[in-house]
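Asker:
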Amino acid sequence: MTRALRIIASNPLSLVGLILVLMIVLAATFAPWIAPFPTHNSAVIDFAFANSAPSSRNWMGTDLVGRDIFSRILYAFRISLVLGVVVLIIATPIGTIVGLLAGYLGGWTEAVLMRIVDVFLSIPPLVLAIAVLGVLEPTLTNAMIAVTVMWWPWYARLVYSIARSEREEGYVLAAEVIGASTTHITLREILPNCLPAIITKMTLDMGFVIIIASSLSFLGLGVQPPTPDLGSMVAEGARYLPDSWWMTVFPGLAILLAVFGFNLLGDGLREVLGAEE
Amino acid sequence: MSTLLDIQDLRLSFKGLRGITDVLHGISLSIAAGERVALVGESGSGKSVIARIVLGLLQETRSARVSGKVGFDGAEINTMRPRDRAKLRGTEMSMIFQDPTSSLNPTFTIGNQFAEVMRRRDPKLSRAACDARAIEMLTEVSIPNPDRILENYPFQLSGGMNQRVMIAMALVNHPKLLLADEPGTALDVSVQAQTLRLMHDLVEKHGTAVLFISHNLGVVREFADRVYVIYRGNIVEEGPTASVFHNPGHAYTRALMDAVPRITGAGLPEVPEVSDAFLAPMVRHDRGAA
Amino acid sequence: MSLLTVDNLSKSFSVAGGMVHAVRDISFAVERGECLAVVGESGSGKTTLANMLLGILSPTSGSIRFDGTELPAKRRASHRRAIQFVQQNPLSSLNAKRSIGASVRLGLDTYQIGERAQRWAKVEDALEEVGLPREMRHRAPSALSGGQRQRVGIARALACDPELVVLDEPTSALDVLVQARVLRLLNDLRTRKKLTYIFITHDLAVVRNVADRVAVFKSGQLVELGETAQIFTAPKHPYTRSLIGAVPVVDDAELDLRNRLAKGT
Ligand SMILES: Nc1ncnc2c1ncn2[C@@H]1O[C@H](COP(=O)(O)OP(=O)(O)OP(=O)(O)O)[C@@H](O)[C@H]1O
Ligand SMILES: Nc1ncnc2c1ncn2[C@@H]1O[C@H](COP(=O)(O)OP(=O)(O)OP(=O)(O)O)[C@@H](O)[C@H]1O
Ligand SMILES: [Mg+2]
Ligand SMILES: [Mg+2]
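Quick mapping for you: the protein sequence lines, in order, are chains Y, V and C. With my numbering applied, the first sequence corresponds to residues 1 to 277, in that order. With my numbering applied, the second sequence corresponds to residues 278 to 567, in that order. With my numbering applied, the third sequence corresponds to residues 568 to 832, in that order.
1. DSSP on Phe30/Y, reduced to helix/strand/coil?
2. Excluding the 5 residues preceding and the 5 following Asn656/C in the sequence, name in chain order all residues of the same chain whose CB lies nearer than 7 Å to its CB.
3. How about Lys324/V and Ile426/V: are their beta carbons less than 7 Å apart?
4. Since Phe489/V is in the beta strand (DSSP E), which residue starts that stretch and which ends it?
5. At a cut-off of 6 Å, is Gly612/C close to ligand 2 when judged by its beta-carbon and the heavy atoms of the ligand?
6. In angstroms, rounded to a whole number, what distance separates the CA positions of Leu673/C and Pro192/Y?
7. Under 7 Å between C-beta atoms, does Ser165/Y make it to chain V?
8. Compare the beta carbon distance of Gly787/C and His588/C with 7 Å and say whether it is the shorter of the two.
9. My output table needs one value for Val816/C: the three-state DSSP class, helix, strand or coil.
10. Please go through the same chain and pick out, in chain order, the residues whose beta-carbon is closer than 8 Å to the beta-carbon of Ile443/V, but skip the five residues on each side of it.
11. Could you tell me how far apart the beta carbons of Leu100/Y and Pro196/Y are, in whole angstroms, since I believe they sit closer than 8 Å?
12. Taking a Cβ distance cut-off of 8 Å, strictly less, list which residues of the stretch 427 to 450 of chain V are near chain A, in chain order.
13. If you measure from the beta carbon of Val513/V to each beta carbon in chain C, is any gap under 7 Å?
14. Let me see if you follow: with CB-CB separation under 7 Å, is Glu821/C close to chain V or not?
15. Straight-line CA distance for Ala566/V to Asp458/V?
16. Under 7 Å between C-beta atoms, does Ala470/V make it to chain C?
17. For chain C, check one thing: does any of its Cβ atoms lie closer than 7 Å to the Cβ of Ala275/Y?
18. Return the residue from the list Gly495/V, Ile330/V, Glu393/V, Asn524/V that minimises the CA-CA distance to Arg825/C.
19. Would you mind telling me which residues of chain Y sit closer than 8 Å to Ile559/C, beta carbon to beta carbon, in chain order?
20. Can you give the Cα-Cα distance for Glu189/Y and Ser670/C, rounded to whole angstroms?
21. Please determine whether the Cβ atom of Ser325/V lies at a distance below 6 Å from any heavy atom of ligand 3.
22. Rounded to the nearest angstrom, how far is the Cβ of Ala501/V from that of Thr485/V, given a contact under 8 Å?
23. From His527/V to Met559/V, what does the alpha carbon distance come to, in whole angstroms?
24. Nearest to Leu187/Y by CA position, among Val159/Y, Leu256/Y, Ser10/Y, is which residue?
25. If we call anything under 7 Å between Cβ atoms a contact, is Thr572/C one with Ala604/C?
26. Report the residues of the stretch 482 to 511 of chain V with a CB closer than 9 Å to any CB of chain C, ordered along the chain.
27. Check each candidate in Leu335/V, Ile284/V, Leu545/V, Ser340/V and name the one with the smallest Cα separation from Arg362/V.
28. Check the Cβ-Cβ distances between Glu168/Y and every residue of chain V, and say whether any is below 7 Å.
29. Pull up the distance between the alpha-carbon of Ile281/Y and that of Ser122/Y, whole angstroms please.
30. Based on the DSSP output, what are the partners of Asp574/C in its beta bridges?
31. Phe766/C to Leu756/C, Cα distance in whole Å?
32. Got a sec, what are the start and stop residues for the beta strand (DSSP E) Thr139/Y sits in?
33. Under the three-state reduction of DSSP, which class applies to Lys689/C: helix, strand or coil?
34. Could you tell me how far apart the beta carbons of Ile79/Y and Val223/Y are, in whole angstroms, since I believe they sit closer than 8 Å?
35. Pairs of beta-carbons, one from the stretch 385 to 403 of chain V and one from the stretch 421 to 437 of chain V, closer than 8 Å: are there three or more?
36. Give me the chain C residues within the contact set of Ser320/V, using Cβ-Cβ distance strictly less than 9 Å, ordered along the chain.
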């Protein structure tokens, strides 16, 4: 662990990524204590300070009803992170198991499973999510379901391609000759060899999930007001461009930083885990 | 004869978790154009890493520290830009790896992989031309039904056939230097003899130099003009093949020779434990003395 | 009674453009405690034969009898224990992400050999038996030399307490010094644990010094089977002669013998 940190720290870009991600996680965790206006995550109205530009009172300005944008961004990070983590925690195991079975068992199982995966992958992700949300109510939970549905096939694809080449390795043959079960071979032998790639992809994907979720709420399909969300904040502010630029620029910047941070960290992790003995 | 590969005082260390491990301690080795040179020695002594340094692969690994001089055909590999090194690989120099099955990509057909290699030299080559040339090469390494093989995936072939495919692929672009790391391990003796004859012919025909890494001293004796013996990152003996085999001067070389099983059936050889004599200084044979 | 009897065994693969007959109508028997070497040209079906014995491939036709009972084509775990395997490539045959102890333990867990709590001790015993230090079980395969890895492969096979061990080129990735040590170890274990070996190799000089009998394969067929001494003094089949004639040798006595045999005199 300390070694992993040392390797990440030795590369300036991954270090930036690590710091960004840490800052975002801390900001989200401690939002109620850090935020100058902790109550502004709900339907508070403060017309006295409505639509005011960045100042010493409101570092990033306020929105139309006078809520502090900086405070709302901190809260929005919470939603984004929770959404990202939940989506990946559900999508990754599903995709991993499908990929392991298809890659290791081959034949008929592989044909059926990978055909299903291909069908999902052939639909543009946002279209798929919009379709899901067309059927379900647009709520946070359903947004998570929608993003999960479009996300797991990528893990299936990734794990499948690794498992397929690992299947030819001598250690798999050795386990088969000894008589080990399919469960043992897939989960105990092959999966550890897929983990570095999976973890790297999860880190990179945190950023992308945040973008997709923001895009959904930008379209009004995700998190509903008054809950703060980076995507809907951008959408709302966009109507008042260019005069009230702070309403879009700061939430947009926050999305950018989050995505950027996770990507840099992911690249750093790829190296750490790739260099694993 | 001009010197094609000129390695001087090559040192290599790996930066690991538990500090720095020195692997090569100042190796000097040279190969003339068209010369066949063998490198033999114990497992883990640094034979494969030398080949990977010549190919410029280790210089691009973050954990590896390479110093010394590696001259190839007038250029200096160690200080070359990575892009220029990459251009040499597969065209001016090529490599046959120790483990054929894992050096071939399991997800592409043999034909696809041939085409990819050939297009490194000539990107505009048509697929039909690639296939025709691939079939020619596969026939030269005595693979039966080469047209069928082109459509196969590596896992459908036996280890020996994959090894021959690798050899054919390495020679298809007529490189100046061929690095052969244990090319014979997966071959039966008669095919091995054939492959060696093929490599001989190519050396003669195109002036290809070969750095031949092997554990099989019998093969080395038949194939190489000159031999380097390496032990724990140091060259311990160097000389013309016949001279080294008839008069091994270094204790390690002698132990190695004694450990070779004989077809005359002397039983399993007694194995000496590692001894201090193995660390004795290098023995150099005169050229021409046998 | 022989430990292993193979009768009219065949295996064909269908590939793009037709059928490959990898093993054709082979019959032979292996006695308990002997070391049978299998040699032959590349692609002659040696590995395919080994895979059928191990139950990785099912035969197209023919039968394999082990210890008096016919082995089923689809083999269950319980049928596998007695026939184990040591592979050619010692690095790829060990999982880089698991400690070598975990790899050796797999057989013990699969067959419930010994008390659960004692299994690590048994793993260490197995390592000790092949000449590796007990505490090495914590190491990753990458931290071992080629010869040590091959010893781990042997320990893993022997941990299952097999009767027959199929060795597919067990020493071809090793230098001759390490090879000599591993071969001595294998010989030693064979006597000590009353094992039977099927030893697949290209190295006829190794065969000369370890095998009791030699089976020569060519294009999926068994062309000669005989005592080692006989094969190396009076080979009968022309292919066997050509095989011995191509052996790379290091000393003049060998060269002499080789040339004599190749000429068939
Ligand atoms: N990427 C690496 N990181 C750390 N150590 C390495 C790396 N590659 C090789 N080594 C070490 O360098 C030494 C030389 O390895 P090398 O592969 O050259 O041996 P070799 O002579 O080719 O052996 P063999 O005959 O078994 O193939 C070994 O001790 C090995 O553990
Ligand atoms: N899964 C497969 N599909 C199609 N053909 C195969 C398959 N496995 C093996 N073969 C073919 O069967 C023949 C015998 O292969 P096998 O691997 O048994 O040879 P071998 O004697 O072990 O050779 P080597 O000494 O090179 O390892 C070869 O022609 C090979 O191409
Ligand atoms: Mg090597
Ligand atoms: Mg084989």
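Idealized CB from N, CA, C, for every residue including glycine. Here the structure is a predicted model, which means the values were calculated and not measured.
Answerer: Inspection of the coordinates gives the following:
1. Counting from 1 along the first sequence, the entry for residue 30/Y is found at position 30. Of the three classes helix, strand and coil, the one that applies to Phe30/Y here is coil, per DSSP.
2. Taking the third sequence and counting its residues from 1, one reaches residue 656/C at position 89. Excluding sequence neighbours, Asn656/C sits near Ala740.
3. Stepping through the second sequence from its first residue, residue 324/V is reached at position 47. Stepping through the second sequence from its first residue, residue 426/V is reached at position 149. The answer is no: Cβ separation not under 7 Å.
4. As a position in the second sequence, residue 489/V is number 212, starting the count at 1. Where Phe489/V is concerned, the enclosing beta strand (DSSP E) stretches over 486 to 490.
5. Indexing the third sequence from 1 puts residue 612/C at position 45. Flag set: Cβ of Gly612/C near ligand 2.
6. Position 106 of the third sequence holds residue 673/C. Position 192 of the first sequence holds residue 192/Y. Cα to Cα, Leu673/C sits roughly 16 Å from Pro192/Y.
7. Start at 1 with the first residue of the first sequence, and residue 165/Y comes out as number 165. With 7 Å as the cut-off, Ser165/Y counts as an interface residue toward chain V.
8. Indexing the third sequence from 1 puts residue 787/C at position 220. Indexing the third sequence from 1 puts residue 588/C at position 21. Yes; because the gap between Cβ atoms is below 7 Å, this pair is in contact.
9. Numbered from 1 along the third sequence, position 249 holds the residue referred to as residue 816/C. DSSP places Val816/C in coil when its eight states are reduced to three.
10. One-based indexing of the second sequence puts residue 443/V at position 166. The residue asked about is misnamed: residue 443/V is Met in this sequence, not Ile. Result list for Met443/V: Ile373, Phe374, Pro377, Ser380, Leu381, Pro460, in chain order.
11. Stepping through the first sequence from its first residue, residue 100/Y is reached at position 100. Stepping through the first sequence from its first residue, residue 196/Y is reached at position 196. Not quite, the Cβ-Cβ distance comes to about 15 Å (not below 8 Å), so this is no contact.
12. This model lacks chain A altogether, as its protein chains are Y, V and C.
13. What you label residue 513/V is simply residue 236 of the second sequence in a count that begins at 1. Val513/V does not count as touching chain C.
14. On the third sequence, residue 821/C is found 254 positions in, with the first residue counted as 1. At least one chain V Cβ lies under 7 Å of Glu821/C.
15. Residue 566/V sits at position 289 when you count from the first residue of the second sequence. Residue 458/V sits at position 181 when you count from the first residue of the second sequence. Model confidence at Ala566/V stands at a pLDDT of 46, short of 50, so the residue's coordinates are unreliable; what they give is reported in the following sentence. When rounded, the distance between both Cα atoms is 28 Å.
16. As a working mapping, residue 470/V is identified with position 193 in the second sequence. With 7 Å as the cut-off, Ala470/V counts as an interface residue toward chain C.
17. Here residue 275/Y refers to the residue found at position 275 when the first sequence is read from its first residue. Summary for Ala275/Y: the model assigns pLDDT 40, below 50, so the residue's position carries little reliability, and this model does not support an answer.
18. Taking the first residue of the third sequence as 1, we reach residue 825/C at position 258. Checked all of Gly495/V, Ile330/V, Glu393/V, Asn524/V; the closest Cα to Arg825/C is Gly495/V.
19. Past the boundaries of the shown model lies residue 559/C; chain C is included only from 568 to 832, so the question cannot be answered.
20. Within the first sequence, the letter at position 189 stands for residue 189/Y. Within the third sequence, the letter at position 103 stands for residue 670/C. Cα to Cα, the separation comes out at about 9 Å.
21. Working through the second sequence from its first residue, we reach residue 325/V at position 48. True, at least one ligand heavy atom lies under 6 Å from that Cβ.
22. Stepping through the second sequence from its first residue, residue 501/V is reached at position 224. Stepping through the second sequence from its first residue, residue 485/V is reached at position 208. About 14 Å; that fails the 8 Å criterion.
23. To locate residue 527/V, count along the second sequence from 1; it is residue 250. To locate residue 559/V, count along the second sequence from 1; it is residue 282. Straight-line Cα distance between these residues: approximately 7 Å.
24. Taking the first sequence and counting its residues from 1, the one referred to as residue 187/Y is at position 187. Per the Cα distances, Val159/Y.
25. Start at 1 with the first residue of the third sequence, and residue 572/C comes out as number 5. Start at 1 with the first residue of the third sequence, and residue 604/C comes out as number 37. For Thr572/C and Ala604/C, no; Cβs fall outside 7 Å.
26. His492, Asn493, Leu494, Gly495, Val496, Val497, Arg498, Glu499, Phe500
27. Working through the second sequence from its first residue, we reach residue 362/V at position 85. Taking only the C-alpha atoms, the option nearest Arg362/V is Leu335/V.
28. To locate residue 168/Y, count along the first sequence from 1; it is residue 168. Yes, Glu168/Y lies at the interface with chain V (some Cβ there is under 7 Å from its Cβ).
29. Outside the shown range of chain Y (1 to 277) lies residue 281/Y, about which nothing can therefore be said.
30. Position 7 of the third sequence holds residue 574/C. Answer is Ser630/C.
31. Here residue 766/C corresponds to residue number 199 of the third sequence, with the count starting at 1. Here residue 756/C corresponds to residue number 189 of the third sequence, with the count starting at 1. Phe766/C and Leu756/C: Cα-Cα distance of roughly 14 Å.
32. On the first sequence, position 139 is the one that residue 139/Y refers to. Looking at the DSSP string, Thr139/Y is not in any beta strand (DSSP E), and its letter there is neither H nor E.
33. Within the third sequence, numbered from 1, the residue matching residue 689/C stands at position 122. Helix, per DSSP.
34. In the first sequence, the residue the question calls residue 79/Y occupies position 79. In the first sequence, the residue the question calls residue 223/Y occupies position 223. About 6 Å; that satisfies the 8 Å criterion.
35. yes
36. Your numbering for residue 320/V matches position 43 in the second sequence. Ser712, Gly713, Gly714, Ala740, Leu741, Asp742, Leu744, Val745, listed in chain order.
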